[in-house]
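Residue numbering for the sequence shown follows this note's numbering, beginning at 74 and increasing consecutively. Glycine included, every Cβ here is placed at the ideal spot set by N, Cα and C.
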Amino acid sequence: MAESAAVEFRIDRRSGVATYMQIVQQTKQALRLGVLRPGDRLPTAREVVEATAINPNTVLKAYRELEREGLAEGRRGLGTFVRRTLGGAAHENPDSSLRAELADWVGRARAAGLERDDMTALFTAVLDGAPTGGGTSEVSGGPAPHGTAQTNSANEGETNA
Numbered sequence: 074m075a076e077s078a079a080v081e082f083r084i085d086r087r088s089g090v091a092t093y094m095q096i097v098q099q100t101k102q103a104l105r106l107g108v109l110r111p112g113d114r115l116p117t118a119r120e121v122v123e124a125t126a127i128n129p130n131t132v133l134k135a136y137r138e139l140e141r142e143g144l145a146e147g148r149r150g151l152g153t154f155v156r157r158t159l160g161g162a163a164h165e166n167p168d169s170s171l172r173a174e175l176a177d178w179v180g181r182a183r184a185a186g187l188e189r190d191d192m193t194a195l196f197t198a199v200l201d202g203a204p205t206g207g208g209t210s211e212v213s214g215g216p217a218p219h220g221t222a223q224t225n226s227a228n229e230g231e232t233n234a
């Protein structure tokens, strides 16, 4: 039997995002970052239930959504497997220049006293084209970060199921 890929789902019951969508979003994040690759087996529903104490039907609903989007496929008796990845070539190589620039930016942000939530808010505002407050800071001295920040986006129009 194939080994499950090293992905752990973290469920935030206070996030306002449906549990199954948290699994979908975290799986997509793992695909974007290259943690999951085509052919990898996702954790079984039983493994996810044991780790997160959620209903097995919730896991199955998430996996069906991933199948519907063409990201995973269920193989009877074997499990659910990744069909394709997300993101461009920059995500495939952890040493890519974009990843290095982002890591440098995060280092400058931490040195400037920003915490994870501050960086996520700033990154999301820049990504969405929203104004970030007029002034300049030490953190904004480099290029805008590209593509690999983890966000907990609840604005995908989903409701709890």
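Bounding residues of the alpha helix (DSSP H) (the contiguous stretch that carries residue i)
i	result
R189	189-201
E81	Note, E81: premise wrong, no alpha helix (DSSP H); not H, not E.
A103	92-105
Contact check, residue i vs residue j, beta carbons under 8 Å
i	j	result
V155	L104	yes
R39	T158	Nothing can be reported for residue 39, as the shown portion of the chain is limited to 74 through 234.
Q102	F82	no
Nearest-angstrom beta carbon gap, residue j and residue i [assumed within contact, 8 Å]
i	j	result
I84	T125	5 Å
A145	V108	Not confirmed; about 14 Å, so no contact.
E123	V97	E123 to V97, Cβ: 20 Å. No contact.
G150	E140	With a Cβ gap of about 16 Å, G150 and E140 do not count as contacting.
Buried or exposed (CB count within 10 angstroms, at least 16 for buried), residue i
i	result
A182	buried
G152	buried
A135	buried
N233	Since pLDDT at N233 reaches only 44, below the 50 mark, its modelled position is unreliable, and no value is offered.
R172	buried
A176	exposed
A91	buried
Residue ranges of each beta strand (DSSP E) within the stretch 123-177, 3 or longer
Runs found: 145-148, 152-155.
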